[in-house]
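Some notes on the structure that comes next.
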Amino acid sequence: MNRAFNRKKDKSWMHTPEALAKHFIAYNAKFLGHTEVDQPKGTEVVRDAVRKLKFQRHIKKSEGQKIPKVELQISIYGVKILDPKSKEVQHNCQLHRISFCADDKTDKRIFTFICKDSESNKHLCYVFDSEKCAEEITLTIGQAFDLAYKKFLESGGKDVETRKQIGGLQKRIQDLETENSELKKQLQVLEEQLMIAQVPPGNSMSSKMPTDVFDMVPFSPMTPLVPLPASNGSAPPPPARPTEMRRDLFGAEPFDPFTCGAADFPPDIQSKLDEMQEGFKMGLTVEGTVFSLDPLDGRC
Numbered sequence: 006m007n008r009a010f011n012r013k014k015d016k017s018w019m020h021t022p023e024a025l026a027k028h029f030i031a032y033n034a035k036f037l038g039h040t041e042v043d044q045p046k047g048t049e050v051v052r053d054a055v056r057k058l059k060f061q062r063h064i065k066k067s068e069g070q071k072i073p074k075v076e077l078q079i080s081i082y083g084v085k086i087l088d089p090k091s092k093e094v095q096h097n098c099q100l101h102r103i104s105f106c107a108d109d110k111t112d113k114r115i116f117t118f119i120c121k122d123s124e125s126n127k128h129l130c131y132v133f134d135s136e137k138c139a140e141e142i143t144l145t146i147g148q149a150f151d152l153a154y155k156k157f158l159e160s161g162g163k164d165v166e167t168r169k170q171i172g173g174l175q176k177r178i179q180d181l182e183t184e185n186s187e188l189k190k191q192l193q194v195l196e197e198q199l200m201i202a203q204v205p206p207g208n209s210m211s212s213k214m215p216t217d218v219f220d221m222v223p224f225s226p227m228t229p230l231v232p233l234p235a236s237n238g239s240a241p242p243p244p245a246r247p248t249e250m251r252r253d254l255f256g257a258e259p260f261d262p263f264t265c266g267a268a269d270f271p272p273d274i275q276s277k278l279d280e281m282q283e284g285f286k287m288g289l290t291v292e293g294t295v296f297s298l299d300p301l302d303g304r305c
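Following this line, the structure appears as structure tokens:
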């Protein structure tokens, strides 16, 4: 590890070891961004990265974009870059992957560090702007390195693998939280679509047919009263008639030629009808002469 710390040997560290080993030290700064560099260390390397990011930030500033503010949490396990309001972790730079850290002597507000990305294995230079704490943040990262190295010597090198496993688990947790947030958004969209699909349209017809003031179903030309043919192709049977006939205003049963028969007339009337029918048959068969029953006909 190469660190550009201008700390005198007789100068003590700024924080207690417990604060960095068991907790973290938080700072607020402006994040200019990060860019890929060719080398894992070097003053000229970070200077080129600073000039590049300053130029990009100047263009974005002319377009009305402000420099985003971030919160830095420094411990013996690494440097976390979080959103100051939501506390969402944007970058988690593990300490054993940081190869260079320095503050700019020409611009007291700028400090940087180079970290190797765990996925792409590229060296990325992170650049920050802090008006009052640039040097202090650099020294705090240096103190975290010093404590981590002492802990490494005390554990005989076993702690390095533990830190790698912890760093991998933290990265996995961060990925799962991001995936969970995306799934929640998709679930919300599906629930909204399902609620819209369940709402019946305003112009849909009710399953129950509406009735008029007399509680009768109104006639609709869309559903004509035409009997359907039978399954064997024959004509459908006539509609069933009620057994009880309605009476008219005078209390008499209406005449129906389809239902009346011989038993419908009184005996005296029925006997006269039978005589008339018998005489009509005899008149048609006597000596082949046809007799008319019409009283106006002279042949009768």
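Following my numbering, the numbering of the sequence shown begins with 6 at its first residue and continues without gaps.
Beta carbons are placed, not taken as given, at the ideal position from N, Cα and C, and that holds for glycine.
Integer-rounded CB distance, given that residue j should sit under 8 Å from residue i
| i | j | result |
| --- | --- | --- |
| Lys-29 | Ile-103 | Reading the sequence as shown, one finds Phe at residue 29 and not Lys. No, Phe-29 and Ile-103 are not in contact; Cβ-Cβ is about 15 Å, not under 8 Å. |
| Glu-41 | Leu-129 | 6 Å |
| Tyr-82 | Ile-171 | 7 Å |
| Tyr-154 | His-39 | Contact doesn't hold; Cβ gap of about 25 Å is too wide. |
| Val-75 | Phe-105 | Rounded, the Cβ-Cβ distance is 20 Å, inconsistent with contact. |
| Asp-108 | Thr-143 | 4 Å |
Residue i, DSSP secondary structure in three states
| i | result |
| --- | --- |
| Ser-209 | Annotation note: pLDDT 49 at Ser-209 (below 50); position unreliable, coordinate value reported separately. If DSSP states are grouped into helix, strand and coil, Ser-209 belongs with coil. |
| Asp-279 | helix |
| Glu-41 | strand |
| Gly-173 | helix |
| His-128 | strand |
| Gln-78 | strand |
| Thr-290 | Reliability fails at Thr-290, whose pLDDT of 46 lies under 50, so the model's placement of it is uncertain and no value is given. |
| Ser-1 | Because the chain is modelled from 6 through 305, residue 1 falls outside the range shown and cannot be assessed. |
| Ser-160 | helix |
| Lys-46 | coil |
| Lys-71 | coil |
| Met-19 | coil |
| Asp-53 | helix |
| Asp-151 | helix |
| Asp-112 | coil |
| Lys-137 | coil |
| Asp-180 | helix |
| Ser-313 | Because the chain here runs from 6 to 305, residue 313 falls outside it and cannot be looked at. |
| Lys-27 | coil |
| Ala-9 | At Ala-9 the pLDDT is 48, less than 50, meaning the model places this residue with poor confidence; the figure from the coordinates comes in the next sentence. Three-state DSSP puts Ala-9 in a strand. |
CB of residue i within 8 Å of CB of residue j, strictly
| i | j | result |
| --- | --- | --- |
| Leu-100 | Tyr-32 | no |
| Ile-119 | Lys-190 | no |
| Leu-158 | Leu-25 | no |
| Gln-148 | His-20 | yes |
| Lys-176 | Ser-123 | yes |
Beta-bridge partners of residue i, as assigned by DSSP
| i | result |
| --- | --- |
| Ile-86 | Leu-77, His-96 |
| Tyr-32 | Leu-77 |
| Asn-117 | Before going on, a small fix: residue 117 reads as Thr here, not Asn. In DSSP, Thr-117 forms a bridge with Ala-107, Val-132. |
Neighbour flag for residue i against chain D, beta carbons, 8 Å
| i | result |
| --- | --- |
| Ser-91 | Among the protein chains of the structure shown there is no chain D, as only one such chain exists. |
Can at least three beta-carbon pairs, one atom from the region 48-66 and one from the region 75-94, be found at a separation below 8 Å? In short, these stretches do not touch, since the Cβ pair count stays below three.
Can you confirm whether the region 131-143 touches the region 101-117 when touching is taken to mean that 3 or more C-beta pairs between the two stretches lie within less than 8 Å? Because the criterion of three Cβ pairs below 8 Å is met, the region 101-117 and the region 131-143 touch.
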